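Residue numbering for the sequence shown follows the numbering used here, beginning at -3 and increasing consecutively. Heads up, the thing below is written out as structure tokens.
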Amino acid sequence: MVMRIYNTLTKSKETFEPVVPGQVRIYVCGPTVYDSCHVGHARSVVVFDVVVRYLRAMDYQVTYIRNFTDVDDKIINRANTVGMDTVQLAETYISEFHRDMDALNVIRADQEPRVTEHIDDIIDIIESLLEKKVAYLVDGDVFYAVETFNDYGKLSGRKLSDMVAGSRVEINENKRNPFDFVLWKAAKPGEPSWPSPWGEGRPGWHIECSAMSSRFLGETFDIHGGGKDLIFPHHENEIAQSEAAHGKPFARYWMHNGFVNIDNEKMSKSLNNFLMIKDIVQSYHPETVRLFLLSSHYRSPIDFSDQNLKESEKALDKIYGVRKRLDQEAGIADAGDEAASSNHWLAFCEAMDDDFNTAKGVGILFNLVKEANRILDEEGQSMKAMDTLASLTADLERIGGILGILQQSWQSFSEERANSQLQNMTVSAEAIDALVAERAAARKNKDWKRADEIRDQLDQAGILLEDKGDGTHWKVAT
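Next comes the structure, spelled out in structure tokens:
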């Protein structure tokens, strides 16, 4: 199968051919750590987490780098507001980022460089740009001269002649051109700074990613990713400064995930509708959040709402439900590595090879769930059925591993879900157990009226009973 990726740079799907066959080097822009992570951050991180998982499953040797911006105007302003040191503030939110992403079952990047750890690398690139006369110094500030880069705008499709100063561009009277951008900022009183050939100061935003990506991945690497909001000016400026400094192509494939809307409105500070990950996972299972984020193609916008999350919640229940049936009814506790693949795995790989189409992949997963339930309902435990169910179980686990779901036992998932649902109910697990025991005694004494009363009472409370050979089991209705 041939893997094709939509490349923002060429505005088309291209056959993926890494610089070094069998190896993939990926750089994704990470957060500026001045506040808690919101669902927009989660989408980008989960999307590229799945990209990395799939590439590794296809036997690529992947080097994955995601940075932290730990010095920036936003960090300085927030630190001043809350009365914290900038280092302390950054450390606080880096730790919180890790907690949030661990909760969402995100694999850590191979390296997570921080700007403050790579000041020397940043200075080296700026010196190269000054030597090549594509950058200039004004009162301790160093600016990149965009007019010196003939291809400026090739990623975003914008032309300098068509742009309006002030549109996502910082106005500065020291610039020769309003679209020139800062590489190094002269120190201001009370702000963090480092020594440089141009005096004390700190890096501009864009230069950091050029320095850190080349440090860990080389001057030309395979995939650069991030949200669509980074296309201009951040990624456009990365290309200009990197290719001017190194004299060769920067990243070969550019991937950008779509925006997250909240109840059909764009996330914005003015609407105060930033949903924080740490709050979301208090209300929804983390795998529910992942399944929701992956149920749309990564380049498409998605609408985050309670209704959509509840649909993903029900979908996740079905996935774990069929895993429970495969264990209890077919006796397949672990598919094992030797189990043969079914057509569902091949279809899933075809979807992922087509620009990592997780939306289609999730649909294929539910086709698998539907088939497994049908076989369990209709064909019992014949030899043919068991062979098929073993293959379906193996593919269920393989696909779950790529999507980052089905990562706990169905037993622990069921217990967590039940406890979570009970928190929103007026009846406790102990009270339910007591009523179930009372009903069992009533049935033993042939007091059918009382047994029915208890069933009706629990049904009204949202508790479903299942009478089986080993006793009565209960679950919360969904």
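We treat Cβ as the ideally placed atom computed from N, Cα and C, and that holds for glycine. These numbers come from a predicted model, not from an experiment.
Rounded to the nearest angstrom, the Cβ distance from F175 to L151 is 14 Å, too far for a contact under 8 Å. In the assembly as shown, N260 is an exposed residue. Its beta-carbon has fewer than 16 other beta-carbons within 10 Å. G223 is bridged by DSSP to N253.
For Q57, the three-state secondary structure derived from DSSP is strand.
Around the Cβ of Q278, a 10 Å sphere holds fewer than 16 other Cβ atoms; the residue is exposed. In the DSSP assignment, H34 is bridged to M272. Cβ atoms of P282 and L402 stay farther apart than 8 Å, at about 12 Å. For W194, no alpha helix (DSSP H) run applies, since DSSP gives it neither H nor E.
Between the segment 119 to 129 and the segment 26 to 46 there are fewer than three inter-stretch CB-CB distances shorter than 8 Å, so the stretches are not counted as touching. Annotated three-state conformation of V472 is strand, per DSSP. By DSSP's assignment, S8 forms a beta bridge with N3.
In chain order, A368, N369, L372 place their CB closer than 8 Å to the CB of R321, counting only its own chain and leaving out the 5 sequence neighbours on each side. The straight-line gap separating the alpha-carbon atoms of T11 and F217 is approximately 16 Å. Close CB contacts of K181 within its chain, under the 7 Å cut and outside five residues either way in sequence, are with D137, G197, R198, G200 (chain order). Beta-carbon to beta-carbon, W406 and R319 are separated by about 5 Å, close enough to satisfy the 8 Å threshold. A straight-line Cα-Cα distance of about 10 Å links S8 and Y249. The closest CA to that of A347, considering only V472, R49, G357, is found on G357. Counting only residues of its own chain and dropping the five nearest sequence neighbours on each side, I360 has a CB closer than 7 Å to the CB of H340, A343, F344, A347. According to the DSSP assignment, L372 belongs to the alpha helix (DSSP H) that extends over 354 to 374. Judged by DSSP in its simplified three-state form, E261 adopts strand. When the five nearest sequence neighbours on each side are left out, the beta carbons in the same chain lying within less than 6 Å of the beta carbon of S238 are those of S206, F246, in order along the chain. When Cβ pairs closer than 8 Å are counted between the two stretches, the segment 430 to 440 is seen not to touch the segment 295 to 312, the count staying below three.
The beta carbons of G400 and V46 sit about 7 Å from each other, so the pair counts as a contact at 8 Å. When H252, G465, I398 are compared, the shortest CA-CA separation from A53 is found for I398.
A distance of 7 Å or more separates the beta carbons of F145 and A86. Excluding residues up to 5 positions away in sequence, I118, I121, I122, L179, Q237 lie with their Cβ nearer than 7 Å to the Cβ of I203 in the same chain. Under the three-state reduction of DSSP, R104 is assigned to coil, being neither helix nor strand. Beta-bridge pairing by DSSP links E462 to H469. Per DSSP, K181 lies in no alpha helix (DSSP H); the unbroken beta strand (DSSP E) holding it starts and ends at 177 to 182. With contact defined as three or more Cβ pairs closer than 8 Å, the segment 295 to 307 and the segment 371 to 390 are not in contact. In chain order, N170 place their CB closer than 6 Å to the CB of V134, counting only its own chain and leaving out the 5 sequence neighbours on each side. For M(-1), the number of other beta carbons within 10 angstroms of its own is at least 16, and it is reported as buried. Linking W444 to L461 through their CA atoms gives a straight-line distance of about 15 Å. Here E108 is actually not in contact with R49; their C-beta atoms are around 17 Å apart, not less than 8 Å.
Secondary structure at T216: coil, using DSSP grouped into helix, strand and coil. Three or more Cβ pairs closer than 8 Å define a contact, and the segment 262 to 274 falls short of that threshold against the segment 224 to 236.
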